[in-house]
DNA sequence: CTGAAAGCGCTAACAT
DNA sequence: ATGTTAGCGCTTTCAG
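Chains as they are written, first to last, in this note's numbering: chain A, 1 to 337; chain B, 1001 to 1337.
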């Protein structure tokens, strides 16, 4: 035996060992068509004996469909997306599908190349983050004919079906809550240099509600770094170092808000007496903080689950209002405002 | 035009539009062999015009290799593994590879079926968690000829190459630290019903060091639930409700330890005066706690990065002592012991 | 219920 | 520098 090429066994080999035709092996493997109990057992035994592993590339090529779902996420460095990915994976796994994924790092250009690349695997569906995509991306997807699920956002038209929440409404809701507590002078702290389009929409909703109520946004600080507690702490220190002091800070995320809270605790700033704080996402680590942070909880896992289920379901979804499934959000009052 | 089948363009179509042979298109697409500047541009233009997307299934089938790496992780519900996955993804992406992954939920049986399934995509490499795998799994991998990287653990023989840290040494190190602070009566709190084999190894190292020092382990509580702060809090309350009180608790993870810390703070238990606490992993959320938790920081991202790089590097790794790359760990002293 | 033939879209190996 | 031929391992289609 030359070991230059291990030569993985094919259906042909299984067929020879079982004394049947290769086609019969194919039928047994994919449980398609009628096969006698006897032959099936014989084939399965032969397959096990010689260590047969089916070749999905060949199957996919011939049948023009694969149990693959492409997943395009901005990053894995944010619990939000790993939660969503968990949901997607669970939904897919339950139906025999597998995720193949790639990360954009919030770049539209990277999304374009990534989508093209992922599409070359001929997946039967694709998950995209957000509602904003370049025309190139849209065309590639349309041309490929794969099903699309967009996640996180429902404020706008979906290509096919979107699963998420109204980011704008979340911002508005938080603003109303803060206003209801008597706060009037606000500051905003964000990260990622505004590349997170969902955060931008929340901010817009927040601003709008402030405007309607005649309250003012004193400052908006957005760092270029990714969201983190350290960054939140720094931003907060910055904001409070200026002459014009806010009585509430709205953060783009819980990490930032938690960092802000740390700054206040360390510097003896009374929360929420002197300064109110509000975050976004409702991440579990908030339970580890000495003060329950006011935030908006999002159904991250559920979003992934439903998006995944949508892509692997065989019947087309009933016509939805505007192709969006709003999974809502919950404001968690907390003790910081 | 019948829209029953969109009929995605093939290299044949591109060739026709560019007025060259199909093989020339193939050469342009894979940048293989010599192609004149002129022809290359013509082909690329034609491809763009008709919206050609290469078919990797066909390519993989014919060339008997794919830029796919199978990744088998226990869960995504633990930051540890999403950090590792980040590292893997970064390493792969930089080299044009893609991850296809599946989750075992800590079940060896699920690992077996998952590996078989993943192997059917003919990946060129596979990442496995831990050093313990069933004989079936090992055989399937050996037969397939893919490269294997095992992650997290280096206490034992690797199939090919392992990237991680000595879990046992981490347990011993923590024990020594606790003993050095004068603690003598210990309790252990774990989760996941002992299915996390790395946690079991840490506990063994911890126990051994206690034994050698003549200290005692009063109790070992392991819940069946996944690791979480809530669970840690519950376990801690349980441990402290008994007659025999420990002066230090060693937790299987930071989540559990943080929950324990919350219990102490809420119940006025002096930490570390009355009770010392130590966790494991060095997760970033610890910075949000009012007290810096003593823990052992692990190079999670780095583990993923190196494992990924190993799998996509073309030259075989130099012979390593026992096939393991120990990326070490760092004890973070903290204020809880 | 089982088999034979054809071919999915691409690349390896050989031409030229 | 470009073209021709063959065939990867499977499923589709059509026969029995």
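Note that the Cβ used here is the ideal one computed from N, Cα and C, for glycine as well.
This one's a predicted model, so the numbers in the text were calculated from it and none came from an experiment.
Neighbour flag for residue 1004 of chain B against chain A, beta carbons, 9 Å: Taking the first residue of the second chain as 1, we reach residue 1004 of chain B at position 4. Reliability of the predicted coordinates at residue 1004 of chain B is poor, the pLDDT of 43 falling under 50, and the value obtained from them is presented with this limitation in mind. Chain A contact via Cβ: absent.
Where residue 46 of chain A sits in the DSSP three-state scheme: Taking the first chain and counting its residues from 1, the one referred to as residue 46 of chain A is at position 46. In this structure, residue 46 of chain A counts as helix in the three-state DSSP scheme.
Can you list, in chain order, the residues of its chain with a C-beta nearer than 7 Å to that of residue 1005 of chain B? Leave out the 5 residues immediately preceding and following it. Looking up residue 1005 of chain B in the second chain gives position 5. Its pLDDT being 47, under 50, residue 1005 of chain B is placed unreliably by the model, and nothing is read from it.
What residues in the stretch 1088 to 1112 of chain B have a beta carbon less than 9 Å from any beta carbon of chain A? 1089, 1090, 1093, 1096, 1098, 1099, 1100, 1101, 1102, 1103
Give the DSSP-derived three-state secondary structure of residue 239 of chain A in the structure shown. Sequence index remark: in the first chain, residue 239 of chain A carries index 239 (1-based). The answer is helix: DSSP assigns residue 239 of chain A an H, G or I state.
Let me know the alpha helix (DSSP H) ranges lying completely inside the stretch 190 to 271 of chain A, each 4 residues or longer, listed in chain order. 197 to 213, 229 to 240, 254 to 266
Positions along the stretch 120 to 131 of chain A whose CB lies within less than 8 Å of some CB in chain B: 120, 121, 122
In whole angstroms, what separates the C-alpha of residue 1333 of chain B from that of residue 1273 of chain B? Here residue 1333 of chain B is taken as the residue at index 333 of the second chain, counted from 1. Here residue 1273 of chain B is taken as the residue at index 273 of the second chain, counted from 1. Looking at the two C-alpha atoms, the distance is approximately 15 Å.
List the DSSP bridge partners of residue 1296 of chain B. The count along the second chain starts at 1 and reaches residue 1296 of chain B at position 296. Answer is B/1331, bridged to residue 1296 of chain B.
Would you report the Cα separation of residue 1035 of chain B and residue 1043 of chain B, rounded to the nearest angstrom? Taking the first residue of the second chain as position 1, residue 1035 of chain B is located at position 35. Taking the first residue of the second chain as position 1, residue 1043 of chain B is located at position 43. Using only the alpha carbons, I get a separation of about 10 Å.
Does the count of Cβ pairs from the stretch 1177 to 1191 of chain B and the stretch 1123 to 1137 of chain B closer than 8 Å reach three? no
Considering residue 1116 of chain B, what are the terminal residues of the alpha helix (DSSP H) in which it resides? Within the second chain, the letter at position 116 stands for residue 1116 of chain B. Unbroken alpha helix (DSSP H) run through residue 1116 of chain B: 1108 to 1119.
Stretch-stretch touch, CB-based, cutoff 8 Å, three pairs: the stretch 323 to 331 of chain A with the stretch 164 to 177 of chain A: yes
How about residue 235 of chain A: is its C-beta nearer than 9 Å to some C-beta of chain B? Taking the first chain and counting its residues from 1, one reaches residue 235 of chain A at position 235. Not one chain B Cβ lies under 9 Å of residue 235 of chain A.
Among the candidates A/7, A/258, A/138, whose CA atom is the shortest distance from the CA of residue 292 of chain A? Here the question's residue 292 of chain A lines up with position 292 in the first chain. Measuring from the Cα of residue 292 of chain A, the nearest candidate turns out to be A/258.
Partner residues on chain A for residue 1194 of chain B, Cβ-Cβ distance less than 7 Å: Position 194 of the second chain, counted from the start, is the residue given in the question as residue 1194 of chain B. None at all; the shortest Cβ gap to chain A is about 23 Å.
Are residue 285 of chain A and residue 1288 of chain B closer than 9 Å when you measure CB to CB? Residue mapping note: residue 285 of chain A aligns to position 285 of the first chain, counting from 1. Residue mapping note: residue 1288 of chain B aligns to position 288 of the second chain, counting from 1. Yes; because the gap between Cβ atoms is below 9 Å, this pair is in contact.
Can you tell me whether residue 1286 of chain B is helix, strand or coil according to DSSP? Along the second chain, read from residue 1 onward, the residue named residue 1286 of chain B stands at position 286. Looking at residue 1286 of chain B - three-state DSSP - the assignment turns out to be helix.
C-beta contact flag for residue 1254 of chain B and residue 1279 of chain B at 9 Å: For this step, residue 1254 of chain B is matched to residue 254 along the second chain. For this step, residue 1279 of chain B is matched to residue 279 along the second chain. Yes, the Cβ-Cβ distance between residue 1254 of chain B and residue 1279 of chain B is below 9 Å.
Can you give the Cα-Cα distance for residue 1139 of chain B and residue 53 of chain A, rounded to whole angstroms? Working through the second chain from its first residue, we reach residue 1139 of chain B at position 139. Working through the first chain from its first residue, we reach residue 53 of chain A at position 53. Between residue 1139 of chain B and residue 53 of chain A, the C-alpha separation is close to 12 Å.
Nearest candidate by alpha-carbon position, reference residue 1016 of chain B, set B/1045, B/1032, B/1223, B/1171: Here the question's residue 1016 of chain B lines up with position 16 in the second chain. Nearest of B/1045, B/1032, B/1223, B/1171 to residue 1016 of chain B, Cα basis: B/1045.
When DSSP labels each residue in this structure, what does residue 1076 of chain B get in the three-state scheme? Position 76 of the second chain, counting from 1, holds the residue named residue 1076 of chain B. Residue state, collapsed to three classes: coil.
Sequence-distant residues of the same chain with beta carbon closer than 6 Å to residue 22 of chain A, five excluded per side: Residue numbering aside, residue 22 of chain A sits at position 22 when the first chain is read from its first letter. Closer than 6 Å at Cβ, skipping near neighbours: 11, 12, 15.
So which residues of chain B does residue 290 of chain A contact, with C-beta pairs closer than 7 Å? Within the first chain, residue 290 of chain A is the residue found at index 290, counting from 1. Result: 1290.
Grab me the residues of residue 109 of chain A's own chain with a C-beta within less than 6 Å of its C-beta, minus the 5 sequence neighbours each way, in chain order. By 1-based counting over the first chain, the position of residue 109 of chain A is 109. Contacts found: none.
Per DSSP, residue 1161 of chain B forms a beta bridge with which residues? Start at 1 with the first residue of the second chain, and residue 1161 of chain B comes out as number 161. Partner(s): B/1149.
State buried or exposed for residue 243 of chain A, treating a residue as buried only when at least 16 other CB atoms are found within 10 Å of its CB. Position 243 of the first chain holds residue 243 of chain A. It is exposed - the Cβ of residue 243 of chain A has fewer than 16 other Cβ atoms within 10 Å.
Residue burial classification, residue 1314 of chain B (beta-carbon count within 10 angstroms, cutoff 16): Residue 1314 of chain B sits at position 314 when you count from the first residue of the second chain. Looking at its Cβ environment, which holds fewer than 16 other Cβ atoms inside 10 Å, residue 1314 of chain B is exposed.
Residue 282 of chain A and residue 295 of chain A closer than 9 Å at C-beta: Walking along the first chain from the start, residue 282 of chain A turns up at place 282. Walking along the first chain from the start, residue 295 of chain A turns up at place 295. Going by C-beta atoms, residue 282 of chain A is nearer than 9 Å to residue 295 of chain A.
Pick out whichever of B/1066, B/1089, B/1029, B/1235 has its Cα sitting closest to the Cα of residue 55 of chain A. As a first step, residue 55 of chain A is located in the first chain; it is residue number 55 there, counting from the start. Out of B/1066, B/1089, B/1029, B/1235, B/1066 has the C-alpha closest to the C-alpha of residue 55 of chain A.
Grab me the residues of residue 1265 of chain B's own chain with a C-beta within less than 6 Å of its C-beta, minus the 5 sequence neighbours each way, in chain order. Within the second chain, residue 1265 of chain B is the residue found at index 265, counting from 1. If we look at residue 1265 of chain B and ignore the five residues flanking it on each side, it has no Cβ neighbours.
Report all residues from its chain with a CB closer than 6 Å to the CB of residue 1306 of chain B; omit the five preceding and five following residues, and keep chain order. Here residue 1306 of chain B is taken as the residue at index 306 of the second chain, counted from 1. Within the same chain, residue 1306 of chain B has close Cβ partners 1163.
Residue 28 of chain A, DSSP secondary structure in three states: Numbered from 1 along the first chain, position 28 holds the residue referred to as residue 28 of chain A. Helix, per DSSP.
Beta-carbon spacing of residue 1007 of chain B, residue 1029 of chain B below 9 Å: Position 7 of the second chain, counted from the start, is the residue given in the question as residue 1007 of chain B. Position 29 of the second chain, counted from the start, is the residue given in the question as residue 1029 of chain B. Not closer than 9 Å, so no.
Rank B/1087, B/1134, B/1098 by C-alpha distance to the C-alpha of residue 1115 of chain B and give the top, closest one. Taking the second chain and counting its residues from 1, the one referred to as residue 1115 of chain B is at position 115. Here the closest residue by C-alpha is B/1134.
Going along chain A, which residues have a C-beta under 7 Å from residue 1060 of chain B? The residue labelled residue 1060 of chain B in the question sits at position 60 within the second chain. Per Cβ cutoff of 7 Å: 57.
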